[in-house]
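In what follows, a structure is listed as structure tokens, so that the remarks can point back to it.
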Amino acid sequence: MENKVKCSYCKSDAVVKRGLSQTQHRGKQQRYLCKNCERTFIPDFGFWKMKNNEAKITKAIDLYFSNLSSRKVRNNYRRHENTPVSHVTVLDWCRKYTLKVQKYVNHFTPQLSGEYYADETEINRGKNNDIFWCSVDWGTRFINATLYSPFAQNMADAKEFMQRIKQSG
Ligand SMILES: [Zn+2]
Numbered sequence: 002m003e004n005k006v007k008c009s010y011c012k013s014d015a016v017v018k019r020g021l022s023q024t025q026h027r028g029k030q031q032r033y034l035c036k037n038c039e040r041t042f043i044p045d046f047g048f049w050k051m052k053n054n055e056a057k058i059t060k061a062i063d064l065y066f067s068n069l070s071s072r073k074v075r076n077n078y079r080r081h082e083n084t085p086v087s088h089v090t091v092l093d094w095c096r097k098y099t100l101k102v103q104k105y106v107n108h109f110t111p112q113l114s115g116e117y118y119a120d121e122t123e124i125n126r127g128k129n130n131d132i133f134w135c136s137v138d139w140g141t142r143f144i145n146a147t148l149y150s151p152f153a154q155n156m157a158d159a160k161e162f163m164q165r166i167k168q169s170g
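Structure follows, in structure tokens:
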């Protein structure tokens with residue numbers, strides 16, 4: 002499925018590819034020319050303004066959702082990476098990322114297999130735990146519904162989450 006590129010300035014979708022550009026944190030990226038406002042831009046796919054590169058961020062999130070605590074993730078970075086991150090940064094990435102995922106999930110209309118694997122992950126925030134609800138389509142491995150809740154597991158969130166899975170098809 003293709004994520005339709007829109008102009009970063011005027012949101013027009015009348016855009017054409019205009020070669021690759023070297024970026025500071027993301028390597029070479031496709032640059033586009035907008036035929037409507039005639040400016041060129043590199044699309045923002047969610048990580049644009051983050052200081053660290055995608056690989057590092059996705060690794061942290063990956064480790065986190067593999068049920069490591071954010072402090073363990075931080076320690077892992079201390080041992081294996083030359084740029085340490087704090088556990089607060091890791092949590093911050095997780096929150097930003099899940100919100101972005103939610104935004105994108107709501108835009109896509111993929112062909113789903115109809116079999117879902119749903120799960121909820123507790124995100125430790127000290128006194129309270131946030132819950133990240135996630136449903137993945139078994140056939141396509143596409144995340145078809147998410148819910149990020151600042152509340153412990155409760156019936157209202159569970160219902161809202163099931164509703165989102167239903168709406169996804
Ligand atoms: Zn434009």
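For the sequence shown, the numbering used here begins at 2 and goes up steadily by one.
Note that the Cβ used here is the ideal one computed from N, Cα and C, for glycine as well.
Fair warning: this is a prediction, and the values are worked out from it, not measured in the lab.
Residue i versus residue j: straight-line alpha-carbon distance, rounded
i, j, result
"Arg96", "Asn77", "20 Å"
"Ala159", "Glu116", "18 Å"
"Gly28", "Arg19", "16 Å"
"Ala157", "Gln164", "11 Å"
"Leu21", "Asp131", "40 Å"
"Phe162", "Asn155", "11 Å"
"Cys135", "Thr90", "22 Å"
"Cys38", "Asp45", "18 Å"
"Asp14", "Ile166", "29 Å"
"Glu3", "Lys12", "Interpretation of Glu3 is limited by its pLDDT of 48, a score under 50 that renders its predicted location unreliable; no figure is taken from the coordinates."
Same chain only: Cβ atoms within 8 Å of residue i, ignoring 5 sequence neighbours per side
i, result
"Val16", "Val6, Lys7, Cys8, Tyr33, Leu34, Cys35, Lys36"
"Phe42", "Cys8, Ser9, Tyr10, Arg32, Tyr33, Cys35"
For residue i, the three-state DSSP class (helix, strand or coil)
i, result
"Asp131", "strand"
"Gly78", "This sequence places Tyr at residue 78; Gly is not what is there. Three-state DSSP puts Tyr78 in a helix."
"Lys29", "strand"
"Arg40", "coil"
"Lys12", "coil"
"Lys18", "strand"
"Gln164", "helix"
Same chain, Cβ closer than 6 Å to residue i, neighbours up to 5 away in sequence not counted
i, result
"Gln168", "none"
"Arg40", "Tyr10"
Beta-carbon separation (whole angstroms), residue i vs residue j, contact threshold 8 Å
i, j, result
"Gln30", "Thr24", "5 Å"
"Arg75", "Ser87", "6 Å"
Cutoff 7 Å; reference residue i; Cβ partners in own chain excluding five residues on either side
i, result
"His81", "none"
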